[in-house]
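Engineer: Take a look at this one; I'll ask things after.
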Amino acid sequence: MTATLEPRTAGTRPGTEPGPAGTAAAPRPVTMAGALNTALADALAADPRVVVFGEDVGTLGGVFRVTDGLAARFGAERVFDTPLAESAIIGTAIGMAMNGLVPVVEMQFDAFAYPAFEQITSHLAKMRNRTRGRVALPVVVRVPYGGGIGGVEHHCDSSEAYYAHTPGLRVVTPATPADAYRLLRQSIECPDPVVFLEPKRRYWAKETAPLTADGPAIDRAVVRRSGTDVTVVTYGGTVGTALEAAEAAAGEGWDVEVVDLRSLAPFDDATVAESVRRTGRALVVHEAQGFAGYGAEVAARLTERCFHHLEAPILRVTGLDVPYPPPKLEQHHLPTVDRILDAIDRLQWDDEPERFEGTGEGRA
Amino acid sequence: MAMPATAVSDRIAELLPPGGFPLGLIDADGQPTDAGGVLNPPPPEALLELHRRMVVGRRFDTQATALARQGRLAVYPSSRGQEACQIGVALALREQDWLFPTYRDSVAVLTRGVGGVEVLSMMRGEWHCGYDPYEHRVAPQCTPLATNALHAVGLAHAARLKGEDTVALVLLGDGATSEGDTHEALNFAGVWNAPVVFLVQNNGYAISVPLSKQTAAPALACKGVGYGVPSLLVDGNDAAAVFAAVRCAVERATAGGGPTFIEALTYRVDAHTSADDPTRYRDDAEVQAWLTRDPLARLEKHLRATGLLDDERARAVQEEAEQVAAEAREGLSAEVEVDPAALFEHVYAEPTENLLEQRARLLDELAEEEQS
Ligand SMILES: Cc1ncc(C[n+]2csc(CCOP(=O)(O)OP(=O)(O)O)c2C)c(N)n1
Ligand SMILES: [Mg+2]
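Protein chains in written order, with the UniProt record's numbering: chain A, 1 to 364; chain B, 1 to 372.
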């Protein structure tokens, strides 16, 4: 057979020589799905070690069309369909990475990644540690996640807590098209395995911004909207909701800061704690169920680090602790602008004057 | 030692489904047998090397079992009685090929060139596998059953995409063939025509569960057939047969013929691990019966009968084995040197801020303990 991939030079280890992060074309309106598609195309063009595979990603271009056109452009040896077996997709990606490739694999839907859980948690996450850094596994696992698209059972799970709880994995999720491009390019260049969570309901959101890998690093949170009264910490699909809520809150006299985590693991303590210390109040928003959810970790960390700056307990606005509801009921599950505003309202605003009277201290 | 790849692959193809008897080249009495012309008998120097490594491997294995009894190893899964598979596989692979072993396969890993103390790192209670997988092209010994089969298929497929002449061989147990990953791996290997060899050491048991409770398949080798993977059933106590079968599968893969599934019939003579009590689930008579089919004794008989092995060489080989055992004993006589700070070093390519904080806290704790 013909070799289409350049053999890696003798003596080099896979994962130690990331290809260049190209800067893409001038700004035009692009959807998140489109930005992800461009990121994959640019990564495939920039680095011959990159391969893209999964269920229906070849001829069809993926059920969400994120890999549209890639098989035709890069050929069946670099972009290909696999048989139906999620554990095998991750397991073989591990073997390919051991042999110098950079696999970017797709799990068709969040809940259908569960068969791969053992490969992800026992091997993908731990191989580097088990081999004292000798075997790096620069694998990217793309997972369309979350609801809000009228999906039926098994198609709308938010599975971030499972992955974020696993040492050795990076877990990232973009909120905008331009950041989707940036984060995916950064994930593909990252020497660590990355679980890349794509918020389904933002796939078709448009943005006009240059697509570039430059900007905030893969492990940094960003402030999406500056404010002085309260910090809303969120990520992925609910960043847009939080920004809407911030607009609405402005009308009620609250100046809301919105922090988009981008990286769920590792957690950017510095950026988030700085914001919360400044505003003195925090709200964590995500659509995953709340109990033992990712927001619990965020609230606990911020309490540990910012306690003396807090004017109120950190509250969470999350999905309900129920299996993801059917299309006609999902609006009751998902965090809404109203729920965010209600939660902001509960952040002990009225207590302030009394407390100031009692202590005679001013506010920072 | 090379065999004509095409002729052999045609023959393997005829073996769908596998024949009803295990193929062998040397029987339990050391007599040459006819493997239906399917397997090429290894040349004399290969037989002598198989013997030498089996003597060394068995000695290493009994030494490790003893070290586990003395508490020097946390646990040890012995491969006593399975040396024909352990050594046959390791020697049949070429320099550039990859081995994906399990916890059971310390002797195969040793035979591939990894140092004895390194092989036993995990069993000794280290947090890492002990060796650099790239040095001898040996993946870390794998504990989650059958998961390594997928790694082998992936590595082999990548080799093919890159145009490299590399074959990956994965070792599996009979019990592991019931795991989903075995089936996913066979299926992917078949579809991708990956240069991979599945070698199942059917040693009769998965901890306490006998094969009869593991599967209704007439032979494990049948499992390859459903995935379009040519399959062989070989006498797993016949080192010459295992060696020849693996060689033939490797040549086939190299020639673009894709994957092969080999079931090697053998027996786990010792307990599952040093922590297991086999009297709870099997009769000693069964063990005794298998001891008469010992893989090392039969090869030795054969080599002596054919005049290839004399007392002098046998003595030299035994001395070498004692040397290897002594090195393992000495290497493991010292306590493992643990470095708590190392726990944080390789979780990610660079330790995260969170891990650096935790490391600093742990080191502070330790410094305080030392002072008090
Ligand atoms: C996924 C998984 N399930 C269970 C175990 C626990 N376990 C370890 S060894 C073993 C038996 C395996 O038997 P077999 O595959 O025949 O290999 P052998 O030990 O006989 O070499 C079991 C159940 C495991 N390691 N991995
Ligand atoms: Mg077994």
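Don't be surprised by glycine CBs; every beta carbon is placed ideally from N, CA and C.
Our contact map puts P199/A next to G237/A with C-beta atoms below 8 Å; I'd like the distance itself, whole angstroms only.
Structural biologist: In the first sequence, the residue the question calls residue 199/A occupies position 199. In the first sequence, the residue the question calls residue 237/A occupies position 237. 3 Å between Cβ atoms; contact.
Engineer: Counting only beta-carbon separations shorter than 8 Å, does I94/A have a partner in chain B?
Structural biologist: Within the first sequence, residue 94/A is the residue found at index 94, counting from 1. For I94/A, the answer is yes, since a Cβ of chain B falls inside 8 Å of its Cβ.
Engineer: Cβ-heavy atom distance between N40/B and ligand 2 below 7 Å?
Structural biologist: Against the second sequence, residue 40/B aligns to sequence position 40. Checking the Cβ of N40/B against ligand 2 gives no.
Engineer: Which stretch, first to last residue, makes up the alpha helix (DSSP H) that contains P174/A?
Structural biologist: As a working note, residue 174/A is residue 174 in the first sequence. Careful: P174/A lies outside any alpha helix (DSSP H) and carries neither H nor E.
Engineer: A367/B lies in the alpha helix (DSSP H); which residues open and close that run?
Structural biologist: Position 367 of the second sequence, counted from the start, is the residue given in the question as residue 367/B. It spans 353-371 - the alpha helix (DSSP H) in which A367/B sits, taken as one unbroken run.
Engineer: Please say whether L199/B and Y227/B have beta carbons closer to each other than 8 Å?
Structural biologist: The residue given as residue 227/B occupies position 227 in the second sequence. The residue given as residue 199/B occupies position 199 in the second sequence. Against a cut-off of 8 Å, the Cβ pair of L199/B and Y227/B comes out as no contact.
Engineer: Per DSSP, what kind of secondary structure is W98/B in: helix, strand or coil?
Structural biologist: Residue numbering aside, residue 98/B sits at position 98 when the second sequence is read from its first letter. Reduced to three states, the DSSP call for W98/B is strand.
Engineer: Compare the C-beta of L137/A with all C-beta atoms of chain B and state if any pair is closer than 8 Å.
Structural biologist: Counting from 1 along the first sequence, the entry for residue 137/A is found at position 137. It does not: the Cβ of L137/A has no partner Cβ on chain B nearer than 8 Å.
Engineer: Return the chain-ordered list of same chain residues with a C-beta closer than 7 Å to the C-beta of V135/A, the five sequence neighbours on each side being excluded.
Structural biologist: Indexing the first sequence from 1 puts residue 135/A at position 135. M98, M127, R128, listed in sequence order.
Engineer: Can you tell me the Cα-Cα spacing of A305/B and P295/B, whole angstroms?
Structural biologist: Walking along the second sequence from the start, residue 305/B turns up at place 305. Walking along the second sequence from the start, residue 295/B turns up at place 295. Roughly 16 Å between the two C-alpha positions.
Engineer: Could you tell me which of G154/B, A149/B, F100/B, A146/B sits nearest to C129/B, measuring between CA atoms?
Structural biologist: Here residue 129/B refers to the residue found at position 129 when the second sequence is read from its first residue. The option with the nearest alpha carbon to C129/B is F100/B.
Engineer: What is the chain-ordered set of residues for which the beta carbon lies under 7 Å from any non-hydrogen atom of ligand 2?
Structural biologist: Residues with a Cβ closer than 7 Å to any heavy atom of ligand 2, in chain order: G173/B, D174/B, G175/B, Q201/B, N202/B, N203/B, G204/B, Y205/B, A206/B, R268/B.
Engineer: Which class does V191/B belong to by DSSP, given the choice of helix, strand or coil?
Structural biologist: Numbered from its first residue, the second sequence carries residue 191/B at position 191. In this structure, V191/B counts as helix in the three-state DSSP scheme.
Engineer: For V322/A, count the other beta carbons within 10 Å of its own beta carbon; 16 or more makes it buried, fewer makes it exposed. Which is it?
Structural biologist: Counted from its first residue, the first sequence places residue 322/A at position 322. That one is exposed.
Engineer: Could you check whether the region 40-60 of chain B touches the region 233-248 of chain B, counting it as contact only if at least three pairs of C-beta atoms, one from each stretch, sit closer than 8 Å?
Structural biologist: Result yes; three or more Cβ-Cβ pairs closer than 8 Å.
Engineer: Assuming contact is defined by CB atoms lying nearer than 8 Å, are L265/B and P22/B in contact in what I supplied?
Structural biologist: Position 265 of the second sequence holds residue 265/B. Position 22 of the second sequence holds residue 22/B. Yes, the Cβ-Cβ distance between L265/B and P22/B is below 8 Å.
Engineer: By the DSSP assignment, the alpha helix (DSSP H) with V55/B in it spans what residues?
Structural biologist: By one-based count along the second sequence, residue 55/B stands at place 55. Taken as a continuous stretch (DSSP letters only), the alpha helix (DSSP H) holding V55/B covers 44-69.
Engineer: What are the start and end residues of the beta strand (DSSP E) that includes R225/A?
Structural biologist: Stepping through the first sequence from its first residue, residue 225/A is reached at position 225. Where R225/A is concerned, the enclosing beta strand (DSSP E) stretches over 222-225.
Engineer: What I want to know is whether the C-beta of P144/B ends up closer than 7 Å to one or more non-hydrogen atoms of ligand 1.
Structural biologist: Against the second sequence, residue 144/B aligns to sequence position 144. Correct: P144/B has its Cβ closer than 7 Å to ligand 1.
Engineer: Any C-beta of chain A sitting closer than 8 Å to the C-beta of G180/B?
Structural biologist: Here residue 180/B is taken as the residue at index 180 of the second sequence, counted from 1. Closer than 8 Å: yes.
Engineer: Should H346/B be flagged as near chain A, meaning a C-beta pair shorter than 8 Å?
Structural biologist: Residue mapping note: residue 346/B aligns to position 346 of the second sequence, counting from 1. With 8 Å as the cut-off, H346/B counts as an interface residue toward chain A.
Engineer: Tell me, please, whether the CB atom of L161/B is closer than 8 Å to any CB atom in chain A?
Structural biologist: In the second sequence, the residue the question calls residue 161/B occupies position 161. Interface residue, yes.
Engineer: Taking the Cβ atom as the reference point for each residue, do A240/B and I26/B lie within a distance shorter than 8 Å?
Structural biologist: On the second sequence, residue 240/B is found 240 positions in, with the first residue counted as 1. On the second sequence, residue 26/B is found 26 positions in, with the first residue counted as 1. Against a cut-off of 8 Å, the Cβ pair of I26/B and A240/B comes out as a contact.
Engineer: What residues in the region 238-257 of chain B bring their beta carbon closer than 9 Å to a beta carbon of chain A?
Structural biologist: Within the region 238-257 of chain B, the residues whose Cβ lies closer than 9 Å to some Cβ of chain A are G256, listed in chain order.
Engineer: Taking the C-alpha atoms as reference points, what is the distance between A152/B and E311/A?
Structural biologist: As a first step, residue 152/B is located in the second sequence; it is residue number 152 there, counting from the start. As a first step, residue 311/A is located in the first sequence; it is residue number 311 there, counting from the start. Approximately 56 Å between the Cα atoms of the pair.
Engineer: Any idea what DSSP makes of I26/B, helix, strand or coil?
Structural biologist: Start at 1 with the first residue of the second sequence, and residue 26/B comes out as number 26. Of the three classes helix, strand and coil, the one that applies to I26/B here is strand, per DSSP.
Engineer: Quick check on this structure: which residue in R53/B, D97/B, T260/B, A64/B has the alpha carbon closest to the alpha carbon of R329/B?
Structural biologist: For the purposes of this step, residue 329/B is taken as residue 329 along the second sequence, with counting starting at 1. Taking only the C-alpha atoms, the option nearest R329/B is A64/B.
Engineer: Excluding the 5 residues preceding and the 5 following L93/B in the sequence, name in chain order all residues of the same chain whose CB lies nearer than 8 Å to its CB.
Structural biologist: Residue numbering aside, residue 93/B sits at position 93 when the second sequence is read from its first letter. The residues are L99, R112, V167, L169, V246, V250.
Engineer: Does at least one heavy atom of ligand 1 sit under 7 Å from the Cβ of E179/B?
Structural biologist: As a working note, residue 179/B is residue 179 in the second sequence. Yes, ligand 1 has a heavy atom inside 7 Å of this Cβ.
Engineer: Would you say the beta carbon of R104/B is closer than 7 Å to some non-hydrogen atom of ligand 1?
Structural biologist: On the second sequence, position 104 is the one that residue 104/B refers to. Yes, since a heavy atom of ligand 1 falls inside the 7 Å radius drawn around the Cβ of R104/B.
Engineer: Roughly how far, in whole angstroms, is the beta-carbon of L91/B from the beta-carbon of L120/B, given that I think they are within contact range, below 8 Å?
Structural biologist: Here the question's residue 91/B lines up with position 91 in the second sequence. Here the question's residue 120/B lines up with position 120 in the second sequence. Not a contact, Cβ separation roughly 21 Å.
Engineer: Less than 6 Å between C-beta atoms, sequence neighbours within five positions excluded: which residues of the same chain meet that for G290/A?
Structural biologist: Taking the first residue of the first sequence as 1, we reach residue 290/A at position 290. So the qualifying residues of the chain are R316, T318.
Engineer: According to DSSP, is L211/B helix, strand or coil?
Structural biologist: Reading the second sequence from its first residue, position 211 is the one you call residue 211/B. In the structure shown, L211/B sits in a helix (DSSP, three-state: H, G or I).
Engineer: Could you pull out every unbroken beta strand (DSSP E) segment of at least 3 residues lying fully inside the region 17-87 of chain A, listed in chain order?
Structural biologist: DSSP runs (the beta strand (DSSP E)) wholly in the region 17-87 of chain A: 29-31, 50-54, 79-81.
Engineer: Check D165/B in the structure and name its three-state DSSP category.
Structural biologist: By 1-based counting over the second sequence, the position of residue 165/B is 165. Looking at D165/B - three-state DSSP - the assignment turns out to be coil, as it is neither helix nor strand.
Engineer: Between which two residues does the alpha helix (DSSP H) containing S178/B stretch?
Structural biologist: On the second sequence, residue 178/B is found 178 positions in, with the first residue counted as 1. Taken as a continuous stretch (DSSP letters only), S178/B belongs to no alpha helix (DSSP H), as it is neither H nor E.
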